[in-house]
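When you read off a place in the sequence shown, starting at 1, and then add 5, the result is the number in the numbering used here. The beta carbon of each residue, even a glycine, is placed where N, CA and C say it ideally should be.
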Amino acid sequence: MVDWLILLINTIYLLTGILEYYLAPKIGPNPYFGFKIGYTFADREVWDKTNRLVGKFTIVHSLLLFPTVLIPNFLIYYLILFIIPLIAFIPFGIRYASLLLEMKGAKSENVSPKRLEEITVGKAWSLSPIIFYILLLAFELMTYPSLPKVIAVHFDAAGNPDGWSSKVDFVFSYSLFSLFAPALSYLFIYLGEKYPMYLHPGKMQFPRDAFLKTTILSMDITTITLIFVYYTIYIYAVKKFVVPLSWYIILTVILIIFPLGYLLYKWRR
6 MVDWLILLIN TIYLLTGILE YYLAPKIGPN PYFGFKIGYT FADREVWDKT
56 NRLVGKFTIV HSLLLFPTVL IPNFLIYYLI LFIIPLIAFI PFGIRYASLL
106 LEMKGAKSEN VSPKRLEEIT VGKAWSLSPI IFYILLLAFE LMTYPSLPKV
156 IAVHFDAAGN PDGWSSKVDF VFSYSLFSLF APALSYLFIY LGEKYPMYLH
206 PGKMQFPRDA FLKTTILSMD ITTITLIFVY YTIYIYAVKK FVVPLSWYII
256 LTVILIIFPL GYLLYKWRR
């Protein structure tokens, strides 16, 4: 079950890279896909070159990730190989776009980052990442006593367990991994306040805080999905019941589509 879920997510990741490389430069700045930051929105050439670079990275990265499903108990290796290169590349992509913009002199001709007002969100938006993460931790604490000492944490396509872990190691590593989503949200909140050019919508007809809110929304949905995944592992551990794969597919689609729907709603308004 987990194998098919990871293959689905990685396939979507590959398609995202293809869209960024081929379609984003043809369509130009848009609210649906591409490397959407203030620097790429400021100039069409910067948008095209940056999205081709990001697209190449995403395509190569996703193709290199596919063989990891052949490794026994591959999930932890997949997560490490997925997250670390991605985190390392995002600042590189931002810097690449900013350098392109500086080389063209677009900063002096358009909007200077120093003159931009900070981009902030309301208290509900800024508190939601930590609230959802606390809910996850609370659920783990409530269910921890009833977990067996050794639990199944990996399942094959037929739903049969083929990977196990102690409950101490699993709960600790899961809590640590789940911290990535709220941490990313607060990184973007910090960028919006200190370096608003990163999140500025440029000439796009969006509210100034639209991309910041979309990021927070995506990370909140990620945390909610992680709560659901933890629940399925817990249910199997105590009742030997496997949640159908279709539930994961539905949640994955929501994770991708819902934030884009929010942007579209803001754009049309």
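Where residue i falls, given that 16 or more other Cβ within 10 Å makes a residue buried
i           : result
residue 141 : buried
residue 4   : Nothing about residue 4 can be reported from this structure: the residues present for the chain run from 6 to 274 only.
residue 106 : buried
residue 97  : exposed
For residue j and residue i, believed in contact at Cβ under 8 Å, the rounded distance
i           : j           : result
residue 201 : residue 124 : 5 Å
residue 134 : residue 191 : 6 Å
residue 93  : residue 157 : Not a contact, Cβ separation roughly 32 Å.
residue 15  : residue 39  : Actually they are not in contact, since the Cβ atoms of residue 15 and residue 39 sit about 20 Å apart, beyond 8 Å.
residue 171 : residue 155 : 6 Å
Candidates the options, of which the one nearest residue i by Cα
i           : options               : result
residue 227 : 137, 215, 54 and 168  : 137
residue 89  : 129, 206, 151 and 182 : 182
residue 222 : 17, 194 and 149       : 194
residue 150 : 169, 173, 212 and 130 : 173
residue 153 : 18, 176, 26 and 205   : 176
residue 69  : 91, 49 and 52         : 91
residue 128 : 212, 206, 211 and 218 : 218
residue 30  : 18, 50 and 67         : 50
residue 216 : 18, 79 and 35         : 35
Spatial distance of residue i from residue j (CA atoms)
i           : j           : result
residue 11  : residue 65  : 17 Å
residue 117 : residue 238 : With a pLDDT of 47 at residue 117, under the threshold of 50, the modelled position of this residue cannot be trusted, and the question is left open.
residue 13  : residue 126 : 33 Å
residue 5   : residue 169 : Since the first residue of the chain shown is 6 and the last is 274, residue 5 is not available in this structure.
residue 26  : residue 148 : 44 Å
residue 203 : residue 53  : 17 Å
residue 166 : residue 74  : 15 Å
residue 108 : residue 235 : 48 Å
residue 67  : residue 240 : 31 Å
residue 213 : residue 48  : 17 Å
residue 199 : residue 122 : 9 Å
residue 28  : residue 224 : 25 Å
residue 205 : residue 245 : 49 Å
residue 79  : residue 32  : 37 Å
residue 220 : residue 76  : 32 Å
residue 81  : residue 17  : 19 Å
residue 139 : residue 211 : 31 Å
Decide yes or no for the touch test of the region 14 to 31 against the region 56 to 64: beta carbon pairs closer than 8 Å, at least 3 of them.
yes
Using 8 Å as the threshold, is the region 32 to 50 in touch with the region 95 to 106, meaning 3 or more CB pairs across them?
Output reads yes: the region 95 to 106 touches the region 32 to 50.
The region 140 to 155 in contact with the region 80 to 94 per 3-pair CB rule at 8 Å:
no
Is the region 227 to 244 touching the region 178 to 190, taking contact as three or more C-beta pairs under 8 Å?
Enough Cβ pairs lie closer than 8 Å, so yes.
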